[in-house]
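Numbering-wise (the working numbering), the sequence shown opens with residue 8 and increments by one.
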Amino acid sequence: MSQQAYWESAGAQKEFTTPLQLGAFQALVHRSARVLDLGCGYGRTLSELHRSGYTNTVGVDFSAKMVERGRSAYPHLTLQAMGNGTAPFADNAFDSVLLLAVLTCIASDDEQAQLLREARRVLKPGGVLYVNDFLLNTDERNRKRYDEFYAKHHTYGVFELPDGAILRHHSRKAAEEKLQYFEKICFEEITYPTMNGHQSNGYYYFGKK
């Protein structure tokens, strides 16, 4: 996956802020469910789920540094590094798969599609996919950086941060198109805090395989 070097260095020190929609998750996923956090970072979300009674969980991330940090912070969690874009699990292995602020970290349509295929592959029939991510903003700061980096990345909404991160915000239409191979339960727009202290348009999505 692209940007791995960033997430093994500066990115591994970030504090993630995208909120877990716990009530909505609990309404759809039983506490006994086997849950995969795909792109778990340092395990923040899984730790919150664990405190709420979800103990049959596992997290994987492309950043070994993130996983190392998570194992130190949350030794009760099962976290592991994921290589080569393939989740190290059998087909139909999980009752629920989480992708929280993961698509925003992948600029490439092809790599996003690959990750969503993996999410679908490891999800049981009828299993629940939960996505939190970021939408396009219309304020001057964001429009300026979308325009600035369009010539380089050829995708509106992709931008770079001074510390080396390459991130992407999506239109609602684009986000829904990427999720079209799941049966939509809900798609709710919301405002999120970002890892760098700003506010951004975002959404949370629940769907079924």
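Built from N, CA and C at the ideal position, the CB exists for glycine as well. The structure presented is a predicted model; accordingly, all values stated were derived computationally and were not measured.
Which one of the options has the shortest CA to CA distance from residue i?
| i | options | result |
| --- | --- | --- |
| residue 97 | 121, 107, 204, 125 | 125 |
| residue 188 | 179, 158, 120 | 120 |
| residue 142 | 82, 212, 155 | 212 |
| residue 191 | 94, 214, 102, 209 | 214 |
| residue 137 | 210, 51, 48 | 210 |
| residue 163 | 145, 82, 169 | 145 |
| residue 81 | 47, 185, 133, 168 | 47 |
| residue 63 | 54, 182, 198 | 54 |
| residue 52 | 34, 28, 72 | 28 |
| residue 56 | 111, 10, 170, 31 | 31 |
| residue 70 | 154, 200, 49 | 49 |
| residue 181 | 194, 170, 169 | 194 |
| residue 150 | 160, 127, 11, 165 | 165 |
| residue 33 | 102, 92, 170, 23 | 102 |
| residue 11 | 89, 199, 196 | 89 |
Helix, strand or coil: which one does DSSP assign to residue i?
| i | result |
| --- | --- |
| residue 112 | helix |
| residue 149 | helix |
| residue 77 | helix |
| residue 216 | coil |
| residue 129 | helix |
| residue 66 | strand |
| residue 87 | strand |
| residue 122 | helix |
| residue 39 | coil |
| residue 157 | helix |
| residue 187 | coil |
| residue 207 | strand |
Give the C-beta separation of residue i and residue j to the nearest angstrom, bearing in mind that I take them to be a contact with Cβ-Cβ under 8 angstroms.
| i | j | result |
| --- | --- | --- |
| residue 65 | residue 85 | 5 angstroms |
| residue 25 | residue 208 | The Cβ separation is near 12 angstroms, so there is no contact. |
| residue 123 | residue 185 | 6 angstroms |
Are residue i and residue j closer than 7 angstroms when you measure CB to CB?
| i | j | result |
| --- | --- | --- |
| residue 78 | residue 61 | no |
| residue 100 | residue 135 | no |
| residue 216 | residue 132 | yes |
| residue 156 | residue 147 | no |
| residue 67 | residue 87 | yes |
The ligand NAD and residue i: does any heavy atom of the ligand fall closer than 6 angstroms to the residue's C-beta?
| i | result |
| --- | --- |
| residue 216 | Ligands in the displayed structure: none, and consequently the ligand NAD is not present. |
Check your understanding: Can at least three beta-carbon pairs, one atom from the stretch 165-176 and one from the stretch 112-126, be found at a separation below 8 angstroms?
Key -> Here the stretch 165-176 lies against the stretch 112-126, with 3 or more beta-carbon pairs under 8 angstroms apart.
Point to revise | Stretch-stretch touch, CB-based, cutoff 8 angstroms, three pairs: the stretch 200-210 with the stretch 29-44 | key: no
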